[in-house]
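In this text, residue positions in the sequence shown follow the UniProt record's numbering: the first is 1, and each later residue adds one.
Every residue gets a Cβ at the ideal spot worked out from N, C-alpha and C, and that includes glycine.
Remarks on the structure that follows.
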Amino acid sequence: MEVIKARATLLTNQEVLSLLKEVGDAEKRKSKANRLQKLSTIVYETTRYLEQTPAATQDADCIKSFLEAVKKYNLTRAESLMMVNLRPTTPVEVQLIVEECEERLTEDQVDELAQLVIKHLPPAPGTDTQQTSITAPSSSLKPE
1 MEVIKARATL LTNQEVLSLL KEVGDAEKRK SKANRLQKLS TIVYETTRYL EQTPAATQDA
61 DCIKSFLEAV KKYNLTRAES LMMVNLRPTT PVEVQLIVEE CEERLTEDQV DELAQLVIKH
121 LPPAPGTDTQ QTSITAPSSS LKPE
């Protein structure tokens, strides 16, 4: 096999998940003799992983609305893609994704980006939709 055009485009995890579901459905329709066992395993394992990420609850419309909303921040394509795939909900997570964040964005803009993620991109299945704050364990607060 030869790669003709490397990196023709970047895909979100949601797009990969949709494609893998189509491939999996096509493989299921084939007779057992015609199935590619290794392909079926890869499709199954990757799909299983992606169904535990925000990609499982995202759709093309929410991704498109998010990308429109963040255009004014001049993020690179890779940064936008990581924002969709990782769904950062705190300023620290946003700062880890955006290169040279301190020079490119103000603190308010970083907060706005985190809020846009929460507004436009649904959380991964089974995660708490409420933001949690970091608190000390209750055992450390007991008087001695």
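In the three-state reduction of the DSSP assignment, Ala-114 falls in the helix class. When the five nearest sequence neighbours on each side are left out, the beta carbons in the same chain lying within less than 8 Å of the beta carbon of Glu-107 are those of Pro-91, in order along the chain. Note on Gln-52: under 16 other CB atoms within 10 angstroms of its CB, so exposed under the neighbour-count rule. A direct Cα-Cα distance of roughly 12 Å separates Pro-125 from Tyr-49. Asn-13 and Ser-31 have their C-alpha atoms roughly 29 Å apart. DSSP places Gln-37 within a helical segment (H, G or I) once states are collapsed to three.
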